[in-house]
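Residues in the sequence shown are numbered consecutively from 1, following the UniProt record's numbering. Glycine is no exception: its CB is placed at the ideal position from the N, C-alpha and C atoms.
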Amino acid sequence: MAAVSASARAHLLHHSVFRGVLTLLLGVVFGFGFWSAAPVEAGEKILRVLAWPGYADADVVKAFEQRYQVKVEVTLVDSDEALWAQMHAKDAQSFDVLAANTAEIRRYTQANLLAPLDLASLPNTKKQLPRFQALDAIEGLTSAGKVYAIPFTYSSMGLIYDRKQIPVAPRSMRELWNPQYRGKVLDFNSAQHNFSFTALALGYPHPFDLDAAQMRAIAHKLVELRRNLLTYYTLPEEATAFFIQHKVALMFGNYGTQQVELLRRAGADVGYVIPDEGVLAWLDCWSMTRAATDRPLALAWINYMLEPGVSALLTQRQGLANTLTAPVENRGGAHIVWIGPVEDTQRREELWARIVSGDRSERF
Numbered sequence: 001m002a003a004v005s006a007s008a009r010a011h012l013l014h015h016s017v018f019r020g021v022l023t024l025l026l027g028v029v030f031g032f033g034f035w036s037a038a039p040v041e042a043g044e045k046i047l048r049v050l051a052w053p054g055y056a057d058a059d060v061v062k063a064f065e066q067r068y069q070v071k072v073e074v075t076l077v078d079s080d081e082a083l084w085a086q087m088h089a090k091d092a093q094s095f096d097v098l099a100a101n102t103a104e105i106r107r108y109t110q111a112n113l114l115a116p117l118d119l120a121s122l123p124n125t126k127k128q129l130p131r132f133q134a135l136d137a138i139e140g141l142t143s144a145g146k147v148y149a150i151p152f153t154y155s156s157m158g159l160i161y162d163r164k165q166i167p168v169a170p171r172s173m174r175e176l177w178n179p180q181y182r183g184k185v186l187d188f189n190s191a192q193h194n195f196s197f198t199a200l201a202l203g204y205p206h207p208f209d210l211d212a213a214q215m216r217a218i219a220h221k222l223v224e225l226r227r228n229l230l231t232y233y234t235l236p237e238e239a240t241a242f243f244i245q246h247k248v249a250l251m252f253g254n255y256g257t258q259q260v261e262l263l264r265r266a267g268a269d270v271g272y273v274i275p276d277e278g279v280l281a282w283l284d285c286w287s288m289t290r291a292a293t294d295r296p297l298a299l300a301w302i303n304y305m306l307e308p309g310v311s312a313l314l315t316q317r318q319g320l321a322n323t324l325t326a327p328v329e330n331r332g333g334a335h336i337v338w339i340g341p342v343e344d345t346q347r348r349e350e351l352w353a354r355i356v357s358g359d360r361s362e363r364f
């Protein structure tokens, strides 16, 4: 797709045909997605939640509202960048709780945006698997002896492929650059993850701590990847629509097993691979913001998210692992690289903006 500009891809992204497919996937096939809260009555307590698709489905929210006699307003995001922007938007509503990965949790904690959590108010944490109760052992969750986040769900970020077009499972993330798949590749629109997974593909040992020469080499590689792309995606449902409508062969699965579940429910025959060079993985957690107006209510939400029934729904509907039960699928000795804070967030985002806008390789 070398001849297709970024603006053309963006236009393609918003074509009505995709809106129709995406609406079908969201509203009919999967039974969840974007929804609007009912009008808030005067004096009614409100909990404002900032989360990812599938984390706060309408029926799950309704049960919480009825139990605590409150109104919950859910705002969904489709990238770490969008999450950060929501928390920094001028005149934005104050969010009470948010879901973010461990690297972002550290960033938010350092920016003094989160409030420490009272574990005594979170009894359901005792139902979590032992490795998720060992909060000090998970990088980014604690600071100065205080806990700022509770693990909720996790997934690797591997390769998703069409079994009909690729009968033999690909072994490396470098297959995304295979000219055989020109125009049949999907990539997630994120500066942080693209630089990190490309670093792994190129054999760099520290994908979150890149020097200037490595950043340039990766930028060139990501410009080269544009030749193979159908487009970039943000939401998992959006990727599903593109995958089916355009018979995509290969995709970087930012949402991992959640995307595999969506695709299979939509009738796609897909496989999922953790590349030989290793795979990025994320652990998403719930946190309470410093702006939370009703902290006991915010803590009640986090505790509610860890109830066995709610966690089970996350796995059943989204195909994502939860922190209360061991996953059925065991990937053995796969090289998992948990995402961490990067060397220069702003630099990555600046380079990524140039890459997706169509800037030429020789300009980097």
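Closest by C-alpha distance to I105, out of R347, L135, H220 and V337, is L135. Rounded to the nearest whole angstrom, the CA to CA distance from D57 to L297 is 18 Å. Within the same chain, and ignoring the five residues on either side of A300 in sequence, the residues whose Cβ sits closer than 7 Å to its Cβ are Y68. If one requires a minimum length of 3 residues, the beta strand (DSSP E) runs lying completely within the region 35-115 are 46-51, 71-76 and 97-101, in chain order. The beta carbon of K126 lies closer than 8 Å to those of Q133 in the same chain, with the five residues before and after it left out. Rounded to whole angstroms, the separation of the alpha carbons of F95 and A291 is 7 Å. Excluding residues up to 5 positions away in sequence, A281, W282, L283, D284 and A321 lie with their Cβ nearer than 7 Å to the Cβ of Y154 in the same chain. Close CB contacts of L222 within its chain, under the 7 Å cut and outside five residues either way in sequence, are with N194, T198 and I355 (chain order). Counting only runs of 4 or more residues that sit fully inside the region 152-205, the alpha helix (DSSP H) segments are 191-201, in chain order. Taking a contact to require three or more Cβ pairs closer than 8 Å, the region 96-115 and the region 143-157 qualify as touching.
I46 and L200 have their alpha carbons spaced roughly 43 Å apart. Cβ-Cβ distances below 7 Å link L235 to P53 and D78 in the same chain, with the five nearest sequence neighbours on each side left out; the list follows chain order.
Y161 and A169 do touch by the CB rule: their CB atoms are close to 7 Å apart, below 8 Å. If you draw a straight line from the Cα of V49 to the Cα of E362, it comes to about 43 Å. Rounded to whole angstroms, the gap between the alpha carbons of F243 and R163 is 13 Å. For H206, the CB contacts under 8 Å within the same chain, skipping 5 residues up- and downstream, are A199 in chain order.
A distance below 7 Å between beta-carbons, with the five flanking residues on each side excluded, links A353 to no residue of its chain. The beta carbon of R348 sits closer than 7 Å to the beta carbons of A191, Q192, F195 and V342 from its chain, once the five residues preceding and following it are set aside; these are given in chain order. In its chain, beyond the 5 residues on either side, L135, D136 and Y148 have a beta carbon closer than 8 Å to the beta carbon of T142.
G309 carries a helical assignment under DSSP once its states are collapsed to helix, strand and coil. In the DSSP assignment, S287 forms a beta bridge with L98. For the pair of segments examined, the region 256-270 was found not to touch the region 207-221: the number of CB pairs separated by less than 8 Å stays below three. Residue burial is scored here from C-beta neighbours: K184 has at least 16 other C-beta atoms within 10 angstroms and is therefore classed as buried.
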